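**Q** For the first sequence, position 49 (counting from the first letter as 1) is numbered 142 according to this note's numbering, and the numbering increases by one without interruption. Would you mind keeping the following structure in view while I ask a few things?
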Amino acid sequence: LVSWNAVLAAYSQRGLLTEAKALFDRAPERDLITWTAMLSAYTQNSDLGNAKLVFDEMRERDAIAWNAMLHAYAQAGHLEYAKHVFDSMPERSVASWNSMITAFAQNDHLAEAKAVFDAMEQRDTISWTSMLTAFAQSGHLRDAKEMFDKIKDPDLVAWNAMLSAYAQNGCLDRALEMFHTIERGDSIAWNAMLSAYAQNGRLYEALALFCSLPERNVSSWNAILTGYASNGLWREAIDLFQAMKTVEMPNEISFVCVIIAASHLGDVDCGLGAFVSMRLDYCAKATKQHYCCVVDLLGRAGYVREAEELLQTMPFVPE
RNA sequence: UGCUGUCCGGGAC
Numbered sequence: 094l095v096s097w098n099a100v101l102a103a104y105s106q107r108g109l110l111t112e113a114k115a116l117f118d119r120a121p122e123r124d125l126i127t128w129t130a131m132l133s134a135y136t137q138n139s140d141l142g143n144a145k146l147v148f149d150e151m152r153e154r155d156a157i158a159w160n161a162m163l164h165a166y167a168q169a170g171h172l173e174y175a176k177h178v179f180d181s182m183p184e185r186s187v188a189s190w191n192s193m194i195t196a197f198a199q200n201d202h203l204a205e206a207k208a209v210f211d212a213m214e215q216r217d218t219i220s221w222t223s224m225l226t227a228f229a230q231s232g233h234l235r236d237a238k239e240m241f242d243k244i245k246d247p248d249l250v251a252w253n254a255m256l257s258a259y260a261q262n263g264c265l266d267r268a269l270e271m272f273h274t275i276e277r278g279d280s281i282a283w284n285a286m287l288s289a290y291a292q293n294g295r296l297y298e299a300l301a302l303f304c305s306l307p308e309r310n311v312s313s314w315n316a317i318l319t320g321y322a323s324n325g326l327w328r329e330a331i332d333l334f335q336a337m338k339t340v341e342m343p344n345e346i347s348f349v350c351v352i353i354a355a356s357h358l359g360d361v362d363c364g365l366g367a368f369v370s371m372r373l374d375y376c377a378k379a380t381k382q383h384y385c386c387v388v389d390l391l392g393r394a395g396y397v398r399e400a401e402e403l404l405q406t407m408p409f410v411p412e
């Protein structure tokens, strides 16, 4: 049972919903942990409906199961339901309170997030980090830093959160300071710093950092790609994408950047080629955003009729 | 072996 649960948890954490469900259905026996892992797998895939179904079918529920359901509602932006679960659950752990902080914060209810935080009788590093991020997201850098300073032994996530707080608010010097202070930074720290540079038009520094990294993942490449794209360096974006393809698997975001770049260069072949290759060669699914880009690509190049046709035939409802 | 924190790609408008 433990082995089955371990594999199910692995699927769930990687967002492999199909595999998780198949394993869940095949499992010879299921305990509370099995059910909770399945619930979380649905939450990971933004499938609130099925998460709720799993929760309803559970014959027993502990604090963790309740928290998982609370988080499912919070993720879906259903604050009222989240609050209701929070109020009606038999016992509340620090994780329950932490979930409420992010639930409010992510829905732009900073004051309520703070109220929850203040009402907590005990707080852990996650509580402080959640509040730090809540402040940072609404531009309250001083408050965010105050939270960070109150963490007795900040872990890498807390450091990264503060680094991102500076980076996202354009305080590149502060961000770099944090970046250098972090001893063993991970890819999240690198990429936060990368996109901070790239999004502020400091592409030279972004590239320098990019080249100096011990290793690069898709997000590192995408950070530079989007930096080029948002600074109008369309040609560079396409060139970088070509280089990227030789060493890294581009993802949906990479393709959006290329198609946008191609659109601005009027290079319909390049854009369409990327769009087709994305699905054929990389088995990536085209999102509404990709269709939006291709419509833009066609429209700009004067293929208005083709653009309209695509709008009619794409598997999404046009906005 | 299950729950919570480091959200975030452009364009068009």
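Every residue gets a Cβ at the ideal spot worked out from N, C-alpha and C, and that includes glycine. In this text the structure is predicted, and so the values were computed from the model without any measurement.
#1: Below 7 Å CB to CB, which residues in the same chain sit around W314 once its five sequence neighbours on both sides are set aside?
#2: Can you check which of these residues, F179, V361, E276, is closest to L163 by C-alpha distance?
#3: Expressed to the nearest angstrom, what Euclidean distance is found between the alpha-carbon atoms of H177 and T226?
#4: Cα separation between N138 and L404?
#5: Which term fits V95, buried or exposed, when burial requires 16 or more other beta carbons within 10 angstroms of its beta carbon?
#6: For my contact list, V187 and D217 are in at a C-beta cut-off of 8 Å; report their separation, rounded to the angstrom.
#7: On the three-pair Cβ rule with 8 Å, is the segment 367-376 touching the segment 391-400?
#8: Among the residues of its own chain, which have a CB less than 7 Å from the CB of T129, if the five just before and after it don't count?
#9: Mark S305 as exposed unless 16 or more other C-beta atoms lie within 10 angstroms of its C-beta, in which case mark it buried.
#10: For Y297, count neighbouring C-beta atoms within 10 Å of its own C-beta (all shown protein chains included) and say buried if the count is 16 or more, exposed if not.
#11: Sorted by chain position, which residues of the same chain lie with C-beta nearer than 6 Å to G359's C-beta, five sequence neighbours on each side aside?
#12: Which of helix, strand or coil does DSSP assign to K145?
#13: Along the alpha helix (DSSP H) that carries L77, what are the first and last residues, could you check?
#14: Check each candidate in T127, C363, V388, A377 and name the one with the smallest Cα separation from S105.
#15: By the DSSP assignment, the alpha helix (DSSP H) with H177 in it spans what residues?
#16: Can you give me the start and stop residues for the alpha helix (DSSP H) that N284 sits inside?
**A** To lay it out plainly:
#1: Correct list, in chain order: M337, E341, S347.
#2: Relative to L163, the option among F179, V361, E276 whose CA is nearest is F179.
#3: Between H177 and T226, the C-alpha separation is close to 24 Å.
#4: Their Cα atoms are separated by approximately 26 Å.
#5: When all chains shown are included, V95 counts as exposed.
#6: Yes, V187 and D217 are in contact; Cβ-Cβ is about 5 Å, under 8 Å.
#7: With a cut-off of 8 Å, the segment 391-400 and the segment 367-376 do not count as touching, because too few Cβ pairs lie within range.
#8: Here the set comprises I157, A158, A161.
#9: So S305 ends up on the exposed side.
#10: Exposed, by the Cβ-count rule.
#11: Beyond the five residues adjoining it in sequence on each side, G359 comes within less than 6 Å, by CB distance, of A394 in the same chain, given in chain order.
#12: Helix.
#13: The shown model of the chain, from 94 to 412, leaves out residue 77, and the question about it has no answer.
#14: Among T127, C363, V388, A377, the Cα nearest to that of S105 is on T127.
#15: Its alpha helix (DSSP H) spans residues 172-181.
#16: N284 -> alpha helix (DSSP H) spans 280-292.
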